[in-house]
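Peer 1: Dumping the structure here so I can ask a few things about it.
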Amino acid sequence: MASPAAAGSGGLSAPLLLPVTDPDAFYGKGPDAVPKATLFDTSVETGLTTEEAERRIGLFGPNELVEKTVSPWVKLVKEFTGPMPIMIWLAILVEAIIKDVPDLLILLFLQLLNGFVGWYEDYKAGNAVAALKAALKPEAQVKRDGIFKTINASLLVPGDIITLSAGAAVPADCEILPGALIEVDQAALTGESLPVTMRAGDVAKMGSNVTRGEVEAMVCATGGETFFGKTAALIQSVDEMGHFQKIILRITFGLMGLSIVAVSITLGYLLLHGEDILEAIAFCVVLLIASIPIAMQVVCTTTMALGCRMLADEKAIVTRLTSIEQLAGMNMLCSDKTGTLTMNKMVLQDDLPTFSPGLTRNHVLQAAALAAKWKEPAKDALDTLTLNAIDLKPLDAFTQLDYMPFDPAIKRTCSTIRAPDGSVFKVTKGAPQIVLDLCKNKAEIEDAFNAKVVDLATRGIRALAVAKASKVGSEDASSTAGDTWEMMGILTFLDPPRPDTKSTIERAGHYGIEVKMITGDQQAIAIETCRVLGMGMNIVTPEDLPTGDQAIGSRVLGQDYGEIVESADGFAQVFPDHKFIIVEILRQKGWMCGMTGDGVNDAPALKRADIGVAVQGATDAACAAADIVLTAPGLSTIVTAILYSREIFQRMKNYVIYRIACTFQLLFFFFFAVTCMHPSLYWDGFDAKYFKMPVTALVIITILNDGCIISIAYDHVKASRKPEVWDLGQVFIVAIVAGSIALASSLILLDLGLDSHNPHGWFAKLGLEPLDYLQVQAMMYLKVSLSDFLTVFAARTHGPFFSRRPGLKLTIAAIVAMVTSTLLARYWPLPDMEGISWKLCALTWLYVIIWFIIQDVAKMIAYWCLFLTSTGFASQEREVADRKRQLQRSNRQSLTRESIRRGKKVGELVRPSTRMPSAPSDVAGAMTRIAELETVIADLKNSLRK
421 MASPAAAGSG GLSAPLLLPV TDPDAFYGKG PDAVPKATLF DTSVETGLTT EEAERRIGLF
481 GPNELVEKTV SPWVKLVKEF TGPMPIMIWL AILVEAIIKD VPDLLILLFL QLLNGFVGWY
541 EDYKAGNAVA ALKAALKPEA QVKRDGIFKT INASLLVPGD IITLSAGAAV PADCEILPGA
601 LIEVDQAALT GESLPVTMRA GDVAKMGSNV TRGEVEAMVC ATGGETFFGK TAALIQSVDE
661 MGHFQKIILR ITFGLMGLSI VAVSITLGYL LLHGEDILEA IAFCVVLLIA SIPIAMQVVC
721 TTTMALGCRM LADEKAIVTR LTSIEQLAGM NMLCSDKTGT LTMNKMVLQD DLPTFSPGLT
781 RNHVLQAAAL AAKWKEPAKD ALDTLTLNAI DLKPLDAFTQ LDYMPFDPAI KRTCSTIRAP
841 DGSVFKVTKG APQIVLDLCK NKAEIEDAFN AKVVDLATRG IRALAVAKAS KVGSEDASST
901 AGDTWEMMGI LTFLDPPRPD TKSTIERAGH YGIEVKMITG DQQAIAIETC RVLGMGMNIV
961 TPEDLPTGDQ AIGSRVLGQD YGEIVESADG FAQVFPDHKF IIVEILRQKG WMCGMTGDGV
1021 NDAPALKRAD IGVAVQGATD AACAAADIVL TAPGLSTIVT AILYSREIFQ RMKNYVIYRI
1081 ACTFQLLFFF FFAVTCMHPS LYWDGFDAKY FKMPVTALVI ITILNDGCII SIAYDHVKAS
1141 RKPEVWDLGQ VFIVAIVAGS IALASSLILL DLGLDSHNPH GWFAKLGLEP LDYLQVQAMM
1201 YLKVSLSDFL TVFAARTHGP FFSRRPGLKL TIAAIVAMVT STLLARYWPL PDMEGISWKL
1261 CALTWLYVII WFIIQDVAKM IAYWCLFLTS TGFASQEREV ADRKRQLQRS NRQSLTRESI
1321 RRGKKVGELV RPSTRMPSAP SDVAGAMTRI AELETVIADL KNSLRK
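Mapping to the numbering used here: the sequence shown position 392 is 812, numbers consecutive.
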């Protein structure tokens, strides 16, 4: 590291820090990139000149995140220019040409409703990048022209000299200059539970906070070039159509294509046989609109919106409606550890070994408290834990003569104490090896002490040694000359799991969801957490994964790295881009992936995941990137949310089956009625050449049925034990079977109605009066309306329609729709149809009910056949693979739990990462023993995976 150089002209001098080993290394991207060697040569004495700072801010831009924004008005326009809206606009144009004002207004209303619902949902969802930007601290202490001044942090530039002090946020990525050590809290960035000690040459990242010390630092990255900025870039890279929108488009395009073909044939047939062109177009346009599921988006959105209210009552706030559908299908949950699975605070453990005869746990805790300023507020997390562990009133009998605060260089605190009897002694607490070196009984306890420290380290438990000097050379707490130290014991600390985490993970497994831990904390800590929670303990580090720049936009991540990620139970020591990449790999391998987290470091992965879940207390960035925000502590709410989402999914799936069946019935009924059923051939008194229903009747069927079917959002359903999936093969087969039965019954009834003048026909046999053409139309209107709504009750169950009672609101809506249709068929108010008798209404009802039972039986047969042939269900190979993966996980858990029960250490079961801090040399023997077992355990793991 180069030493400081004298100030040069303009505030520049010879290079000071960040020596560029590669002369071609540049800062920035594109044509504005600058060699780093020309940036980081600032003089510590003067800092940058004002002119140079202005030049650099013009070159690199302000120290803030660049937002990728789209005007709300542009988004609104896009809502009306998609494939489906364009079809509706064409239909509206045709209605305008033929001057059919009622139909035009109805279509325009549906178009505006669909567009504004989608736009409003997107508008209120919020912007994760804006939240990240808001999280930046606005001011910084910077040296310009040799003078420290306070400026807006957005004006910082690479090469600035700034001051980092306790309580202040780090305003940009900064390299620490030579001077005092500082402690930096990076929990929001890396997930590490405790502050990190930084010294000259270390880089403090934007978004972290200084908790202790003060030092000067050089700005080495600003804005989008910072670690924080790259996190925002990962979030902005996620820009694709949601899963639910893709499903709706596939269904809509399928029905639209079918409808266009059938309607086009119908229109051509009518025109070729002399039908008036405007009348033919009007009929076909309305038929097309009636058969295309225009209201599907509205009904599904309403269903999900009502589900959002229920989830809000369960402390889960949904920020993106369509995430409910994806939550129902989630089969992989990646969870952050710190603050999500754990409490995000250190807790004193019951395990407190002592190393002097006659000492108790309380003796050690009291000595640890005396080694702090117990009469003042605690200065750090460890002092807080120590002082809260005992009653402090008895300590008031002692007098603190001198106190040495914690220094990262010395790694311990020390107090000189006068006891009530007048004797003077010292107490100290700090790093185990540092305190052990002070003790006179080191030789006697060293082996047992080191064995305990290694055991704790391999389990990821933090340790703090406590010692006492009964004989002191002086009252100076910083001096050890003449002191006689004796080891008292070891305090143990751990960020414990939340009380409900283990049961939540077990419940998630019960409902078919695999859980992986992804944390920025140390590997050993992650392994210990997994052991406590009963999770798989194959925790690996991400050295073999690609970097963020390599991963963004790549479509082969799953192919290249899928096996590594799928076989691991979790990842430790990861950065935000690793979490993002892991989630993307799982998505490319076909998993419906959820991600939970609470920090800035989780935001990119929350945005990338199919379902991002921010837990209680999450940062603004995490909440804005997430699809669901939990307002109750822990993860227990997420299982409840999953069950609710699966119920909502069932309701939407039932509606889609119903809508496809109705489209099939309505479309092909009029197709065959127009092309094959000629009224004039049945009876000379019928003037019509082709059977058609008035446009008004078709519009009423569409509005009445689609309007009332919104009540399906309140239906009673049962959540599936397995993740839901849109198996469109199954959906279309069941819907077509149900629609075919309804279609057949409609064509048969139409044939009977047109044949009502036959003295040997069924009407004559039942004693019914012959019908004129307008009455046949009314009867068929009633039949089609009733069949449509009764199809809902067949579509909502796999078994008989009565196997699960419908919701009260759905039942009421069905009654209202069918009674209204019956009254209209009886008292049709317009001249284009003529009402039928009550007797014919009743017989039509009876006819429809009989065919509804046939339809329900056919539906059950369809499901049964699908089950036997595995059509529409998970393939047998996938089920075998799932069982094999579960068996492997169970074997690994059984192995580790049994080994731990026999007294083996976790470090003997899982290979420590090479990136973990190295063990002290005096415990090398214990670590050598661990290394000897690595090969054996690796072979055992490989055998379990086969």
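Note that CB positions come from ideal geometry on N, CA and C, so glycine has one too. Just so it is clear, the structure is predicted and the values come from calculations on it, not from any experiment.
Are the stretch 742-761 and the stretch 721-730 touching by the rule of at least three beta carbon pairs closer than 8 Å?
Peer 2: yes
Peer 1: So, do the stretch 981-990 and the stretch 1013-1026 have three or more beta carbon pairs nearer to each other than 8 Å?
Peer 2: no
Peer 1: With DSSP collapsed to three states, give me the class of Leu-597.
Peer 2: coil
Peer 1: Helix, strand or coil for Glu-1297, going by three-state DSSP, please let me know.
Peer 2: For Glu-1297, the predicted model reports a pLDDT of 43, less than 50, meaning its position is unreliable; a value from the coordinates is still stated below. In the structure shown, Glu-1297 sits in a helix (DSSP, three-state: H, G or I).
Peer 1: If you draw a straight line from the C-alpha of Thr-1060 to the C-alpha of Lys-1279, how long is it?
Peer 2: 31 Å
Peer 1: Taking the C-alpha atoms as reference points, what is the distance between Lys-757 and Gly-850?
Peer 2: The straight-line gap from Cα to Cα measures roughly 26 Å.
Peer 1: Might you give, ordered along the chain, the residues of its own chain that have their beta carbon closer than 7 Å to the beta carbon of Val-1236, omitting 5 neighbours on each side?
Peer 2: Cys-1128
Peer 1: Compute the Euclidean distance between the alpha carbons of Gln-1036 and Pro-492, then round it to the nearest angstrom.
Peer 2: 30 Å
Peer 1: Whose C-alpha, out of Glu-636, Ala-592, Arg-632 and Thr-631, is nearest the C-alpha of Lys-625?
Peer 2: Ala-592
Peer 1: If I follow the unbroken alpha helix (DSSP H) through Val-401, where does it start and stop?
Peer 2: Past the edges of the chain, shown from 421 to 1366, lies residue 401, and the structure says nothing about it.
Peer 1: Who pairs with Asn-483 in a beta bridge, going by DSSP?
Peer 2: DSSP lists no partner for Asn-483.
Peer 1: In terms of residue numbering, what span does the beta strand (DSSP E) encompassing Asp-822 cover?
Peer 2: 819-824
Peer 1: Would you check if the stretch 814-830 and the stretch 893-908 touch, i.e. whether three or more CB-CB distances between them fall below 8 Å?
Peer 2: yes
Peer 1: Does DSSP classify Leu-753 as helix, strand or coil?
Peer 2: strand
Peer 1: Is the distance from the Cβ of Val-847 to the Cβ of Ser-835 below 8 Å?
Peer 2: yes
Peer 1: Could you give the uninterrupted runs of the alpha helix (DSSP H) lying entirely in the stretch 669-734, keeping only those of 4 residues or more?
Peer 2: 697-711 and 716-733, all fully within the stretch 669-734.
Peer 1: List the DSSP bridge partners of Met-937.
Peer 2: Ser-755 and Gly-990
Peer 1: With three or more beta-carbon pairs closer than 8 Å as the criterion, would you say the stretch 1086-1099 touches the stretch 945-958?
Peer 2: Not touching, per the Cβ criterion.
Peer 1: In chain order, what residues of the same chain have a beta carbon less than 7 Å from the beta carbon of Glu-1318, not counting five sequence neighbours either side?
Peer 2: Bear in mind that a pLDDT of 38 at Glu-1318, under 50, signals an unreliable position, so the number given afterwards is only what the model happens to contain. Excluding residues within five positions, none has a Cβ falling inside 7 Å.
Peer 1: Considering only C-alpha positions, which residue in the set Val-1157, Thr-1242, Asp-1192 and Val-454 is nearest to Val-1277?
Peer 2: Val-1157
Peer 1: Buried or exposed for Asn-1125, please, with buried defined as at least 16 other CB atoms from any protein chain shown within 10 angstroms of its CB.
Peer 2: So Asn-1125 ends up on the buried side.
Peer 1: Taking only the alpha-carbon atoms, compute the straight-line gap between Tyr-1110 and Tyr-689 and give it to the nearest angstrom.
Peer 2: Their Cα atoms are separated by approximately 10 Å.
Peer 1: Helix, strand or coil: how does DSSP classify Phe-995 here?
Peer 2: coil
Peer 1: Per DSSP, which one or two residues make a beta bridge with Trp-905?
Peer 2: Cys-859 and Ala-889
Peer 1: Taking the continuous beta strand (DSSP E) assigned at Gln-606, which residues delimit it?
Peer 2: Unbroken run through Gln-606: none, as it is neither H nor E.
Peer 1: With three or more C-beta pairs closer than 8 Å as the rule, is the stretch 907-921 touching the stretch 765-774?
Peer 2: yes
Peer 1: Is the beta carbon of Ile-938 less than 8 Å from the beta carbon of Val-994?
Peer 2: yes
Peer 1: Can you name the start and end residues of the alpha helix (DSSP H) that Asn-629 belongs to?
Peer 2: Taken as a continuous stretch (DSSP letters only), Asn-629 belongs to no alpha helix (DSSP H), being part of the beta strand (DSSP E) at 629-632.
Peer 1: Pull the bridge partners of Gly-1017 from the DSSP assignment, please.
Peer 2: Ala-1034
Peer 1: Cα-Cα, which of Leu-576, Phe-529 and Thr-672 is closest to Phe-1084?
Peer 2: Thr-672
Peer 1: Taking the alpha-carbon of Leu-597 as reference, which of Met-638, Thr-833, Thr-1289 and Gln-1275 has the nearest alpha-carbon?
Peer 2: Met-638
Peer 1: With DSSP as the reference, label Ser-1100 as helix, strand or coil.
Peer 2: Assignment of Ser-1100 by DSSP, reduced to helix, strand and coil, places it in the helix class.
Peer 1: Residues in the same chain with beta-carbon distance under 8 Å from Ser-1166, minus the five sequence neighbours each way, listed in chain order, please.
Peer 2: Gln-1085, Phe-1089, Met-1200, Lys-1203, Val-1204 and Ser-1207
Peer 1: What's the gap between the Cα of Asp-867 and the Cα of Pro-1053?
Peer 2: Using only the alpha carbons, I get a separation of about 42 Å.
Peer 1: Kindly list the residues whose CB is nearer than 6 Å to the CB of Val-590, restricted to its own chain and excluding five residues on each side of it in sequence; keep chain order.
Peer 2: Ala-624, Met-626 and Ser-628
Peer 1: Do Ala-1093 and the ligand NAP come close, with the Cβ less than 7 Å from some heavy atom?
Peer 2: This structure simply doesn't include the ligand NAP, nor any ligand for that matter.
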